[in-house]
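S.K.:
Structure representation (structure tokens):
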């Protein structure tokens, strides 16, 4: 059994985002609320998502705009503190994502005991953050040096806020990434957070990777999740579970419950 299937029990998992409020030192940080405010906002979202019975949660610093390719140590340290404060309340498998820094993501996973990570580990991109050249070999060797070879690696092969300078098709890039960089799953994204990937992109990647889990990474909605799960092996969802479907608002408990009702019907539960 693969690490992915072992972690998620062979189902097509719904991984729900806990979008942490901006970290100290970032332009949008709320100094008045402080780190305690980040913890409390994350606690509310975590509670709502677990009550909706999502399959897993993932903590990310989506609000740390403008994004960085090498993240300030304060951001990673604060994320570790926040997750540590919530650790006893986390009842689902959880993952982490430090945008857009593979090394910090792996370090955070090790520090917090996360089961999986999501990042851009492969490719070459022109991005809003400048030239983007992640190094999967470096990140995975770092993972193993830190004695976390069990860590499930979710490789996003269609970077948001960027355009690939590698003009092979997405399917060819995904197939190559699986061969060269041995991820545990491949993620397919839209152009930016909250924007759906083209269904044709999911189809093309899954066609060339029949034995590798392929997940929809962005823009999955109540109206589309059943169709997406006919193709994809799971999805990561954030914005659709928020108040008014707004990425920057809190999780709407009722929207989250309705989303999971649709998912369970689609999975025949």
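Numbering (my numbering), first residue to last: 1 to 269. Built from N, CA and C at the ideal position, the CB exists for glycine as well.
Using the Cβ count rule (16 or more neighbours within 10 Å means buried), how would you classify residue 180?
M.R.: exposed
S.K.: I need the DSSP call for residue 162, collapsed to helix, strand or coil.
M.R.: strand
S.K.: What three-state label does DSSP hand residue 67 in the structure shown?
M.R.: coil
S.K.: Rounding to the nearest angstrom, what Cα-Cα distance links residue 51 and residue 242 in this structure?
M.R.: 14 Å
S.K.: Look up residue 121 in the DSSP assignment and say whether it is helix, strand or coil.
M.R.: Residue 121 falls in the coil class under three-state DSSP.
S.K.: Considering only DSSP beta bridges, list what residue 215 is partnered with.
M.R.: Answer is 187, bridged to residue 215.
S.K.: Beta carbon of residue 252: closer than 8 Å to some heavy atom of the ligand GDP?
M.R.: No copy of the ligand GDP appears in this structure; indeed no ligand is present at all.
S.K.: Can you tell me whether DSSP reads residue 149 as helix, strand or coil?
M.R.: coil
S.K.: Quick check on the burial criterion: 16 or more other C-beta atoms within 10 angstroms. Buried or exposed for residue 223?
M.R.: exposed
S.K.: What are the boundary residues of the beta strand (DSSP E) that residue 130 is part of?
M.R.: 130 to 132
S.K.: What are the start and end residues of the alpha helix (DSSP H) that includes residue 263?
M.R.: 253 to 266
S.K.: Could you have a look at residue 49 and say whether DSSP puts it in helix, strand or coil?
M.R.: helix
S.K.: Decide if residue 62 is buried, meaning its Cβ has at least 16 other Cβ atoms within 10 Å, or exposed.
M.R.: Counting the other Cβ atoms within 10 Å of the Cβ of residue 62 gives 16 or more, which makes it buried.
S.K.: So residue 188 and residue 214 are supposed to be a Cβ contact under 8 Å. How far apart are they, rounded?
M.R.: 7 Å
S.K.: Please list the terminal residues of the continuous alpha helix (DSSP H) segment that includes residue 83.
M.R.: 73 to 86
S.K.: Residue 98 by DSSP, collapsed to three states: which one?
M.R.: coil
S.K.: Would you call residue 155 buried or exposed, if buried means 16 or more other Cβ atoms sit within 10 Å of its Cβ?
M.R.: Per the 10 Å Cβ criterion, buried.
S.K.: Mind the definition here: the stretch 129 to 147 touches the stretch 89 to 107 only if three or more C-beta pairs lie below 8 Å; say whether that holds.
M.R.: yes
S.K.: Determine the direct distance from the alpha carbon of residue 165 to that of residue 89, and round the result to whole angstroms.
M.R.: 42 Å
S.K.: So what does DSSP say about residue 60, is it helix, strand or coil?
M.R.: strand
S.K.: Just list the residues that DSSP pairs residue 116 with in beta bridges.
M.R.: Residue 116 pairs with 95 and 152.
S.K.: Nearest by alpha-carbon distance to residue 197: which of 147, 267 and 235 is it?
M.R.: 235
S.K.: Which residue's Cα is closest to the Cα of residue 227: 250, 210, 245 and 202?
M.R.: 202
S.K.: Is the number of C-beta pairs between the stretch 22 to 39 and the stretch 2 to 9 that are closer than 8 Å three or more?
M.R.: no
S.K.: Which same chain residues end up closer than 8 Å to residue 267 when comparing Cβ atoms and leaving out the 5 residues on each side of it in sequence?
M.R.: For residue 267, where only same-chain residues beyond five positions count, the Cβ hits under 8 Å are 11, 12 and 229.
S.K.: Please state if the CB of residue 18 and the CB of residue 57 are separated by a distance shorter than 9 Å.
M.R.: It is a contact, given that the beta carbons lie within the stated cut-off.
S.K.: Between residue 74 and residue 23, how many whole angstroms is the CB-CB distance? I'm expecting something under 8 Å.
M.R.: 7 Å
S.K.: Indicate the three-state DSSP secondary structure (helix, strand or coil) for residue 220 in the structure shown.
M.R.: Three-state DSSP puts residue 220 in coil, outside helix and strand.
S.K.: Within 10 Å of its beta-carbon, does residue 252 have 16 or more other beta-carbons around it, so buried, or fewer, so exposed?
M.R.: Flag for residue 252 reads buried.
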